[in-house]
Amino acid sequence: MDPADSSLFNLEGKSALIVGGGEGISLSTARLLAQEGCGIAVADIDAGRAIHVAAEVDLLGQPSVSFAADMLDDVQVATVFERAEQELGGIDLLVTIIGQGSFNPITDMTTAQWDRDHRMNLRYFFLNAQLVARSMIARSAPGSIVCISSVEGMQSAPNHASYGAAKAGLINLVRSMAVELAPHHIRVNSVAPGSIATPRIPASPERVKRTAEGLIPFKRLGTTDEVAKAVLFLLSDMASYVTGHTLLVDGGWMSANTIGVPPIPEGGVLDARKRPSWSGLGREGEMKGQMKTG
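Using our numbering, you'd call the opening residue of the sequence shown number 485 and step up by one each time.
Right, here's the structure in full:
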């Protein structure tokens with residue numbers, strides 16, 4: 485294949501449902517898919533945000549429809565999906581982006597917080613993916629499903645355990661669904677972002693400084709466009725033999741495994757007695773009290 489040939493990224497004639505499609509990663513993903521010829525249905529709990537994304541898609545010359553709905557609710561999920569299929573003539577691609585977590589030690593966490601985090605990060609994906617998969621199978625149509633998971637589903641998440649556990653469950657569900665749906669030519673994958681600058685968690689000077697001090701080898705935060713590019717890859721025919729995979733978009737965060745490990749000193753000798761605590765690297769301060777998307 486000619487490296488300059490981008491035809492395998494082409495989504496011409498396909499339709500995507502983006503769940504949690506109001507801003508940040510969602511907006512970047514909608515724009516990128518539309519640039520590749522994809523029609524977009526966007527569902528968000530905030531009507532204004534959903535309409536804004538749909539308008540961006542319209543400007544790119546692709547069909548769009550927006551829905552104001554709680555995509556954690558069984559009935560509303562079913563209604564949105566039925567209407568999206570009617571408007572766009574069938575859904576070929578699903579992207580789920582909702583994500584939020586509580587910050588509490590295990591000993592202080594309530595069952596309500598635990599249940600909420602699993603509903604918002606795991607259960608809703610099951611609801612949406614199940615509906616899409618059933619429709620694809622009924623139509624004998626191949627398809628692709630991509631969810632936004634998180635690096636916190638792949639390592640310990642102290643004081644954020646319910647979120648980490650839900651994202652770990654999400655990653656496992658992706659693998660299981662991938663195996664079950666492969667005979668129907670439906671691929672299921674996830675993208676695991678690291679520290680990404682979003683409208684809800686902006687790149688403040690303090691956050692950038694903490695990042696540069698050792699959390700991420702690239703010494704910068706990721707962008708929503710970089711996450712969207714990973715989503716496009718997994719949705720497209722460029723990833724036609726990829727399923728059950730979680731693609732890291734973390735600037736090397738997981739490879740560096742910096743949690744609890746101090747920087748190597750100039751002389752190259754590491755004193756194990758001087759290992760900082762987990763919070764000593766600033767990661768707890770970075771996330772405390774903030775909403776996660778991915």
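Built from N, CA and C at the ideal position, the CB exists for glycine as well.
For residue i and residue j, I'd like the C-alpha separation in whole angstroms.
i, j, result
"Gly-523", "Leu-719", "14 Å"
"Val-616", "Met-555", "14 Å"
"Ile-700", "Ser-586", "23 Å"
"Ser-548", "Ala-514", "10 Å"
"Ile-655", "Thr-594", "24 Å"
"Gly-728", "Gly-706", "24 Å"
"Glu-496", "Asp-576", "11 Å"
"Ser-679", "Phe-702", "11 Å"
"Ala-507", "Arg-533", "The residue asked about is misnamed: residue 507 is Glu in this sequence, not Ala. Those two C-alpha atoms are separated by around 7 Å."
"Val-561", "Ser-512", "23 Å"
"Met-722", "Val-503", "23 Å"
"Gly-648", "Ala-681", "19 Å"
"Asp-599", "Ser-646", "8 Å"
"Tyr-527", "Phe-493", "In the sequence as displayed, the identity of residue 527 is Ala instead of Tyr. Cα to Cα, the separation comes out at about 24 Å."
"Gly-627", "Trp-737", "31 Å"
"Ala-740", "Ser-640", "15 Å"
"Val-658", "Leu-731", "12 Å"
"Ala-539", "Gln-546", "10 Å"
"Glu-571", "Arg-618", "18 Å"
"His-644", "Ala-650", "10 Å"
"Leu-665", "Ala-714", "21 Å"
"Pro-642", "Asp-542", "43 Å"
Of the residues the options, which one's Cα is nearest the Cα of residue i?
i, options, result
"His-669", "Gly-504, Val-726, Ile-581 and Gly-508", "Val-726"
"Ser-510", "Trp-598, Glu-566 and Ile-632", "Ile-632"
"Ala-568", "Arg-671, Met-604 and Asn-612", "Asn-612"
"Asp-734", "Val-711, Phe-717, Leu-716 and Ser-724", "Val-711"
"Ser-660", "Ile-621, Arg-704, Gln-614 and Pro-642", "Gln-614"
Run through DSSP, which three-state label would residue i get?
i, result
"Pro-689", "helix"
"Leu-511", "helix"
"Asp-554", "coil"
"Ile-680", "strand"
"Asp-669", "The question names Asp, but residue 669 in the sequence shown is His. In this structure, His-669 counts as coil in the three-state DSSP scheme."
"Thr-730", "strand"
"Asn-588", "strand"
"Leu-517", "helix"
"Asp-721", "helix"
"Tyr-608", "helix"
"Ala-525", "strand"
"Ser-674", "strand"
"Ser-491", "helix"
"Ser-615", "Rather than Ser, the amino acid found at residue 615 in this sequence is Leu. DSSP places Leu-615 in helix when its eight states are reduced to three."
"Lys-498", "coil"
So, at 8 Å on beta carbons, what are the nonlocal neighbours of residue i in its own chain, with the 5 sequence-adjacent residues on each side left out?
i, result
"Gly-573", "Ser-499"
"Leu-544", "Arg-515, Ala-518 and Gln-519"
"Arg-623", "Gly-574"
"Arg-603", "Leu-556"
Could you check if residue i is buried or exposed, using at least 16 other CB atoms within 10 Å of its CB as the buried criterion?
i, result
"Ser-674", "buried"
"Ala-596", "exposed"
"Val-579", "buried"
"Pro-677", "buried"
"Ser-491", "exposed"
"His-634", "It is worth fixing the name first, because residue 634 is Ser in this sequence and not His. Flag for Ser-634 reads buried."
"Glu-636", "buried"
"Asp-601", "buried"
"Ile-590", "exposed"
When the cut-off is 9 Å and only beta carbons count, does residue i lie next to chain C?
i, result
"Met-555", "This model lacks chain C altogether; it includes just one protein chain."
What does a CB cutoff of less than 6 Å around residue i pick up in its chain, not counting 5 residues either side in sequence?
i, result
"Gly-653", "Leu-606"
"Leu-501", "Ala-525, Ala-568, Ile-575 and Leu-578"
Go through its chain and collect everything with a Cβ distance to residue i's Cβ below 7 Å, but skip five positions before and after it.
i, result
"Asp-709", "Ser-512"
"Ile-535", "Ser-550"
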